[in-house]
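Novice: For reference, the structure I am asking about is given below.
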Amino acid sequence: MLDADFFRRWMTATAAAVDREADRLTDLDSPIGDADHGSNLRRGFRAVAAVLDEEAPGTPGGVLVLAGRQLVSTVGGASGPLYGTLLRRTGKALGDASEVGEKEFADALRAGVEAVMQLGGAAPGDKTMIDALLPAVDALGESFAAAGAAAEQGALATVPLRARKGRASYLGERSIGHQDPGATSASLLIAALAEAVDE
Ligand code: ADP
Ligand code: MG
29 MLDADFFRRW MTATAAAVDR EADRLTDLDS PIGDADHGSN LRRGFRAVAA
79 VLDEEAPGTP GGVLVLAGRQ LVSTVGGASG PLYGTLLRRT GKALGDASEV
129 GEKEFADALR AGVEAVMQLG GAAPGDKTMI DALLPAVDAL GESFAAAGAA
179 AEQGALATVP LRARKGRASY LGERSIGHQD PGATSASLLI AALAEAVDE
């Protein structure tokens, strides 16, 4: 079973990964964006780690809803509301249970990813964070490690795609040949799940 502490560790591990990889995320956002993805997410996840330290909600749902709210209020770019929606909707789907099973979590995360698709209008193959998140959700029933590998594969697979959503879509054909920054950060988020286990 996964408790509030597991979800807090997930957010902390994500914040550490984003911190470590922020320069790379910003570099990926240079040719097909405005070179702010790393700094956007670093600011957001630092704020998430800080608020969770301060408030420490007692339920998995409470942790994710608070984290999502914090992202929305601290990240200016498109990715703030999108990641904020992902975490808030996932948290809402978990309700007020004090512990959740892995299957329940997988179902909740799927609801979160669907909410992101609804908000941003992106479908698989549009070269966005969805291309990492959806394969991860599909693999989550197997293991966290499998979900992490699927997300990473999904991020790599955005390279040959032409962007159809977000800032990169303004480039049309010229978006081809570059890895999507949001799919890359999404793979960090999913990879952090395995790190949150038995710490
Ligand atoms: P901005 O584009 O406002 O500068 P960021 O650089 O922080 O925001 O985030 C860019 C990332 O957001 C993209 O790489 C993409 O993965 C994701 N993204 C942008 N628009 C959408 C959308 N409509 N649906 C899903 N993801 C999106
Ligand atoms: Mg950007």
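Take 29 as the starting number for the sequence shown in this note's numbering and just add one per residue. A virtual CB, placed ideally from N, CA and C, is assigned to each residue, including glycine. Predicted model only: the values in this text are computed from it and were never measured.
1. Taking the alpha carbon of F64 as the point to measure from, which residue in A44, P209, L168 and A174 has its own alpha carbon closest?
2. Under the rule that 16 or more other beta-carbon atoms within 10 Å means buried, what is M39, buried or exposed?
3. How is the alpha helix (DSSP H) around Y111 delimited, first residue to last?
4. Where does D31 fall in DSSP's three states?
5. Is R195 a contact residue of the ligand ADP, with contact defined as CB to any heavy atom under 7 Å?
6. Quick check: V141 and L162, are their CB atoms within less than 8 Å of each other?
7. Could you check what DSSP says for V128 in three-state terms: helix, strand or coil?
8. Would DSSP call E201 helix, strand or coil?
9. Quick one: is the Cβ of D135 within less than 7 Å of any heavy atom of the ligand MG?
10. I need the DSSP call for S215, collapsed to helix, strand or coil.
11. Would you mind stating whether A167 and A175 have Cβ atoms separated by less than 8 Å?
12. Taking the Cβ atom as the reference point for each residue, do L56 and L110 lie within a distance shorter than 8 Å?
13. Taking just the CA atoms, how far does R117 sit from G90?
14. Report yes or no: is there a C-beta of chain D within less than 8 Å of the C-beta of G90?
15. Can you tell me which of S58, S171 and R71 puts its alpha carbon nearest to the alpha carbon of A28?
16. Measuring CB atoms only, is the stretch 113-131 touching the stretch 82-101, in the sense that at least three cross pairs come out at less than 8 Å?
17. Is T102 near the ligand ADP - that is, is its Cβ less than 7 Å away from at least one heavy atom of it?
Specialist: Walking through what the data contain:
1. Counting from one through the sequence shown, the residue named residue 64 turns up at place 36. The sequence given here places Asp at residue 64; Phe does not occur at that position. Sorting A44, P209, L168 and A174 by C-alpha distance to the C-alpha of D64 places P209 at the top.
2. As a first step, residue 39 must be located in the sequence shown, where it is residue number 11. Burial call: buried.
3. If you number the sequence shown from 1, residue 111 lands on position 83. Here the alpha helix (DSSP H) through Y111 covers S107 to L122.
4. Position 3 of the sequence shown, counted from the start, is the residue given in the question as residue 31. DSSP, reduced to helix, strand and coil, places D31 within a strand of the structure shown.
5. Position 167 of the sequence shown, counted from the start, is the residue given in the question as residue 195. Checking every heavy atom of the ligand ADP against the Cβ of R195, one is found closer than 7 Å.
6. Within the sequence shown, the letter at position 113 stands for residue 141. Within the sequence shown, the letter at position 134 stands for residue 162. Against a cut-off of 8 Å, the Cβ pair of L162 and V141 comes out as a contact.
7. Here the question's residue 128 lines up with position 100 in the sequence shown. Annotated three-state conformation of V128 is strand, per DSSP.
8. Counted from its first residue, the sequence shown places residue 201 at position 173. When secondary structure is reduced to three states using DSSP, E201 falls in the helix class.
9. In the sequence shown, the residue the question calls residue 135 occupies position 107. Outside the cutoff, so no.
10. Sequence index remark: in the sequence shown, residue 215 carries index 187 (1-based). DSSP, reduced to helix, strand and coil, places S215 within a helical segment of the structure shown.
11. Your numbering for residue 167 matches position 139 in the sequence shown. Your numbering for residue 175 matches position 147 in the sequence shown. Yes, the pair counts as a contact, with Cβ atoms nearer than the cut-off.
12. Counted from its first residue, the sequence shown places residue 56 at position 28. Counted from its first residue, the sequence shown places residue 110 at position 82. No, the pair does not count as a contact, with Cβ atoms beyond the cut-off.
13. Within the sequence shown, residue 90 is the residue found at index 62, counting from 1. Within the sequence shown, residue 117 is the residue found at index 89, counting from 1. In this model, G90 and R117 are separated by some 11 Å (Cα to Cα).
14. The structure shown contains no chain D, having only a single protein chain.
15. Nothing can be reported for residue 28: it is not among the residues displayed for the chain, which extend from 29 to 227.
16. A contact exists between the stretch 113-131 and the stretch 82-101.
17. Here residue 102 corresponds to residue number 74 of the sequence shown, with the count starting at 1. No; taking the cut-off as 7 Å, the Cβ of T102 has no heavy atom of the ligand ADP nearer than that.
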